[in-house]
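Participant: To get the numbering used here, take the position in the sequence shown, counting from 1, and add 59.
Just so it is clear, CB atoms sit at the ideal spot from N, CA and C, and this is done for glycine as well.
Dumping the structure here so I can ask a few things about it.
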Amino acid sequence: MAFSIKLNTERYTAHLAFSSLVTNAIMLNSLAKKDPTGELIDKYDGNIKAAFATLAADKLFSIHQIHEVNSHVHTARRFNTIYRDFPLIYTDGMKDWGIKIIGLGQAPHFEIEALEDIA
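So, in structure tokens, the structure goes:
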């Protein structure tokens with residue numbers, strides 16, 4: 060059941076791939092531990108894949124921002140060290156990975172400035 064998903068939030072954009080090792084049971088177990096109130100599943104109308112991907116991406120982006128990690132490899136290694144109960148994030152040569160970072164970055168920032176009327 061391998062799949063990939065793109066997420067665009069107000070904080071970040073992420074594109075993640077999930078291997079067939081990430082089953083519904085693993086996703087539900089992680090969601091139950093990290094989001095016991097079920098807010099993510101409710102937010103995505105019961106879509107387990109979207110809720111789990113958001114949970115993983117939130118944690119990845121937090122590591123990327125808080126620790127000021129600049130590469131996907133360093134982010135993956137730090138994630139694998141901190142979140143041992145999650146599927147492993149892919150690093151070079153790994154065969155038993157569960158999640159692969161295709162893209163992860165800060166969301167674009169837009170500002171709207173009012174122009175004074177020219178009369």
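What is the rounded straight-line gap between the Cα of Ala76 and the Cα of Met86?
Facilitator: Translated into positions along the sequence shown, residue 76 becomes position 17. Translated into positions along the sequence shown, residue 86 becomes position 27. If you take the alpha carbons of Ala76 and Met86, they lie about 14 angstroms apart.
Participant: Could you have a look at Thr140 and say whether DSSP puts it in helix, strand or coil?
Facilitator: Position 81 of the sequence shown holds residue 140. The answer is helix: DSSP assigns Thr140 an H, G or I state.
Participant: With DSSP as the reference, label Leu75 as helix, strand or coil.
Facilitator: Working through the sequence shown from its first residue, we reach residue 75 at position 16. Strand.
Participant: Run the CB neighbour count on Thr113, radius 10 Å, all protein chains shown included, and call it buried at 16 or more, exposed below.
Facilitator: Here residue 113 is taken as the residue at index 54 of the sequence shown, counted from 1. Under this definition Thr113 is a buried residue.
Participant: Ends of the beta strand (DSSP E) at Leu66?
Facilitator: By one-based count along the sequence shown, residue 66 stands at place 7. Note, Leu66: beta strand (DSSP E), Phe62 to Asn67.
Participant: I'd like to confirm the pairing. Which residues does DSSP put opposite Lys159 in its beta bridges?
Facilitator: What you label residue 159 is simply residue 100 of the sequence shown in a count that begins at 1. Paired residue(s): Ala76.
Participant: Between the beta-carbon of Ser63 and the beta-carbon of Ile161, is there less than 8 angstroms?
Facilitator: In the sequence shown, residue 63 corresponds to position 4, counting from 1. In the sequence shown, residue 161 corresponds to position 102, counting from 1. The answer is yes: Cβ separation under 8 angstroms.
Participant: Can you tell me the Cα-Cα spacing of Ser121 and Leu147, whole angstroms?
Facilitator: As a working note, residue 121 is residue 62 in the sequence shown. As a working note, residue 147 is residue 88 in the sequence shown. Cα-Cα distance, rounded: 17 angstroms.
Participant: Round the Cβ separation of Lys108 and Tyr142 to the nearest angstrom and send it over; I've been treating them as touching at under 8 angstroms.
Facilitator: In the sequence shown, the residue the question calls residue 108 occupies position 49. In the sequence shown, the residue the question calls residue 142 occupies position 83. In fact, because the Cβ distance is near 18 angstroms, the residues do not count as touching under 8 angstroms.
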